[in-house]
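Data block below; observations after.
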Amino acid sequence: MATQPVEAQNHVERKLPATLEIIRGNILKHGNPLALKGTEVGSWAKGMNLPKTGDLLFYTGGEYQLLPFIDSLVKTMTVMDQGSKAFSMMIGARNILDKVGISAEKMYASVLASDKERFQTICGKAAGLLQSLGYQLCYSGDEELYSGALLYELGYWDDLKEYAPRVQQVIQKSGAKTLVCLSPHAAEVLKFVYPKVGIDLNVEIKTFVELVWEKRHNLKPVPNAPTVVIHDSCRLARELHITQELRDILTASGVQFREAQQHGEWTTCCGGPTKIVFPQLSHTMAGRRVDELKATGADLILTSCPYCLSALEGALEKNDKNQVIDLIEFLYRGIA
Amino acid sequence: MSFFQRGQKQEAEDLQDEFNDYTKYLEQASDDENIRKAISRAVKAYRETTSKTMARYPHTPELAAEVREIKNYSVAHQKELLKQAMESVERNHGKAFYAKDKNQALMIAKEIIGTGKTVVKGKSMLGEELHIREFLENEGNDVWETDLGEFILQLKKDRPMHILSPAIHVPREKVAEIFSDFFKKEVEPDIAKEVAVVREFMRDKYFSADVGISGSNVVAADTGAFVIIENEGNVRLATSAPPIHLLFVGIEKIVPTFQDAMKVAEVTWRYAQYPIPAYVSIITGPSKTGDIEKVTTYGAHGPREFYVIFVDNGRSAMADHDDYKQALHCLRCGGCMYECPVFEVVAGHFGETYLGGIGTIWDVFVAGGLDKEAPQIYSCLRCGRCVERCGMQINVPDMIGKLRNQLTSGQVLD
């Protein structure tokens, strides 16, 4: 006997914290978690005359560029109750988000010019470095879109499914055979997650670290390098299994480095991933990691991930004698 | 209606308040100097001891690989193994019960224990899940946690901050304060003296108790053997001295054979940092003797009655769910917690009943459900260091990602 189909209650409406919805909305609407404009994301490339097509696509994903804005967002959140009216006003109520989005430029006009400058120029330094090693790069410029890594991270997988083809279109327009990611988060998502949502990019995904490693013997020595300690990013070490490459690169650049007790695949997370939901906790975790790294006695903390860079730097004391630097900035000293 | 749809409201669930409350809760914990001091010492000690232990017993990872296969098989055959284990208990002159949820488990316990009894209890995470002590106390029984850590928490009216070292966050000075207050005499903040005063107090309880309660680390279906790993010796006393032994165990703990159970046990304690624990009890039924005329008589020196309650409470739902069934492989060695950066800052506040990332997945199924655990689901970093440590290689970040996806897309687990 046929049974009556049971109407399944398989859907429930949920309201998650505003920041999650805002980041999601921004990615979908503006191709960037903080609604940076394409012109802002690509401004570093002015004057570099990178072609839009070629074999090797340089992919920033806009991630280093948005770092100073993330920090402003987090600072706002740390001092305000996310559930409060004032917070909703400040951050833009969810219902108006769909219409206007969030203009990071307007909201965070207070971002330090020096920070903006630093994170913008990292992309240019990375491109310059790769060129100096003999790589011919192309770049999508204003059209480049964020990978969608946060959609994956935060659980918006249906949205990623819809968003990824847009990224795919831009990438494929370049005609590249290989794509080099500055951020390990982008590399992880393009390499491992896109296939899971049915997107075949048909390009080889590599990280900046891998490309440098392949031509490490052409690296210029880094002058007057202080003692360095490596902070492995979780994604790079445990998802992409890139650990020894960083060490080889430093050795090839004639740099002495120390190892934290927790390093390589046992590295400690910088706390960055929960920054947008639990900013204070994230800050504490970053501080603990900085302590682990400082315990080596090294002067300079070196990493190769935009979020690690931002999180660890945020945990340094004012006038801290230690510094956090990205591998890109560090190696650039050799050719600057 | 599926397991998780019970009690779902129709209108939109606004989870912002839950996130705000949880944020405050975590921030308080992260400011707690006791937690900071205790956990950083514990993490250091755990890593040092574990690396020494693993070096001395280098076959452990290979054994863990075998155990992964055993767990795979056991989860896939949960129903048959449960039936077999229950038959084994009955064959061994024990009484076996199946409880589909928390309420059933407690009702069975009430039936067995009744009221006005003295109960001594060993440490059990399932006990925490079911709130056994609180329930039995409300039923008019005198219930004593015999594990030192749990005893401290019982007096402190607190909850475990680690699954193996529940009072990990309470330093000796605080313990002395709690004990002085309870025993109505000055107890010095000297660990040996603190241990001694509890030993003396408990001794009497074991022998005057009507019922001893314990959990079990692993169960062999073929023989009905319940393996209990411990160091203090309290479980031995609590399960041998009283005339009744009542054992609660989750159905995920059942493996096919006695030999399998031994492998699971060794891997469990090894990843919990022990070369070998002080005691491993194997209990199969009531105490018995055949010394007079070869006539088997039950209730010799140990308990004359042995009851086992096999508890489901969401476990079979987990086993049926391809995305989450791997969580049932967890041996509760507690190793991952020492590797979790969130846990290092807030201890067991990252968790409701079970703790850390793996605990979050468990809590969704056995404690609160998807919406209630949403803030916890978002506090995992998905950094993956727990996977490096886990002998079962449980992919917690992957499951956390799936839970987030269920949350954002308005899905309910089915």
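Going line by line, the protein sequences match chains A and B. Numbering-wise (the numbering used here), the first sequence opens with residue -2 and increments by one. Numbering-wise (the numbering used here), the second sequence opens with residue 35 and increments by one. We treat Cβ as the ideally placed atom computed from N, Cα and C, and that holds for glycine.
- In summary, the residues of the segment 262 to 284 of chain A whose CB is separated from some CB of chain B by less than 7 Å are 262, 263, 265, 266, 268, 270, 271, 274, 275, 277, 278, 281 and 282, in the order they occur in the chain.
- Note that the C-beta distance between residue 228 of chain A and residue 322 of chain A is not below 8 Å.
- Residue 260 of chain A and residue 296 of chain A have their C-alpha atoms some 17 Å from each other.
- Our two residues, residue 159 of chain A and residue 239 of chain A, have alpha carbons roughly 30 Å apart in a direct line.
- Short of 6 Å from the beta carbon of residue 269 of chain B, and not among the five residues preceding or following it, lie these beta carbons of its own chain, in chain order: 156, 248 and 262.
- Contact note: residue 152 of chain A reaches chain B through 435, 438, 439, 441 and 442, using a C-beta cutoff of 7 Å and chain order.
- Under the three-state reduction of DSSP output, residue 392 of chain B falls in the helix class.
- If you draw a straight line from the Cα of residue 304 of chain A to the Cα of residue 419 of chain B, it comes to about 17 Å.
- The beta-carbon of residue 231 of chain A is placed less than 8 Å from the nearest beta-carbon of chain B.
- Out of A:250, A:7, A:206 and A:201, the CA that lies nearest to the CA of residue 223 of chain A is found in A:250.
- Residue-level contact check: residue 379 of chain B touches chain A, since one or more beta carbons of chain A fall below 8 Å from its beta carbon.
- Secondary structure at residue 280 of chain A: helix, using DSSP grouped into helix, strand and coil.
- The DSSP-derived three-state label of residue 275 of chain A is coil.
- For residue 23 of chain A, the nearest beta carbon of chain B is not closer than 8 Å to its own beta carbon.
- In the displayed model, residue 330 of chain B falls within coil according to three-state DSSP, outside both helix and strand.
- Bounds of the alpha helix (DSSP H) holding residue 434 of chain B are 430 to 442.
- At a cut-off of 8 Å, the C-beta of residue 72 of chain B has no neighbouring C-beta in chain A.
- Residue 402 of chain B and residue 153 of chain A have their C-alpha atoms some 22 Å from each other.
- Pairing residue 119 of chain B with residue 128 of chain B, the inter-Cα distance amounts to about 11 Å.
- Note on residue 383 of chain B: 16 or more other CB atoms within 10 angstroms of its CB, so buried under the neighbour-count rule.
- Annotation: the continuous beta strand (DSSP E) that includes residue 279 of chain B extends over 278 to 284.
- Taking a contact as a CB-CB distance under 8 Å, the pair residue 278 of chain B and residue 339 of chain B counts as one, their CB atoms being some 5 Å apart.
- For the segment 191 to 213 of chain A, the beta-carbon criterion of a distance under 8 Å to any beta-carbon of chain B is satisfied by none of its residues.
- Annotated three-state conformation of residue 239 of chain A is coil, per DSSP.
- Any Cβ of chain A closer than 8 Å to the Cβ of residue 116 of chain B would place that residue at the interface, and such an atom is absent.
- At least one beta carbon of chain A lies nearer than 8 Å to the beta carbon of residue 418 of chain B.
- Remark: C-beta atoms of residue 179 of chain A and residue 110 of chain A do not approach each other more closely than 8 Å.
- Taking the Cβ atoms as the reference, residue 268 of chain A lies roughly 15 Å from residue 431 of chain B, outside the contact range of under 8 Å.
- DSSP, read as helix, strand or coil, puts residue 315 of chain B in strand.
- Interface residue (Cβ-Cβ distance to chain A less than 8 Å): residue 57 of chain B is classified as such.
- In chain order, 443, 444, 445 and 446 make up the part of chain B whose C-beta sits under 9 Å from the C-beta of residue 8 of chain A.
- Within the same chain, 209, 325, 328, 329 and 332 come within 8 Å of residue 126 of chain A by CB-CB distance, once the 5 residues on both sides are set aside.
- Rounded to whole angstroms, the Cβ separation of residue 173 of chain B and residue 149 of chain B is 5 Å, and the two are in contact under 8 Å.
- For the 8 Å CB-CB criterion, residue 147 of chain B and residue 133 of chain B do not form a contact.
- B:226 is the residue among B:226, B:287, B:272 and B:196 whose C-alpha sits nearest the C-alpha of residue 207 of chain B.
- Distance check between residue 387 of chain B and each of B:197, B:356 and B:266 places B:197 closest, using alpha-carbon atoms only.
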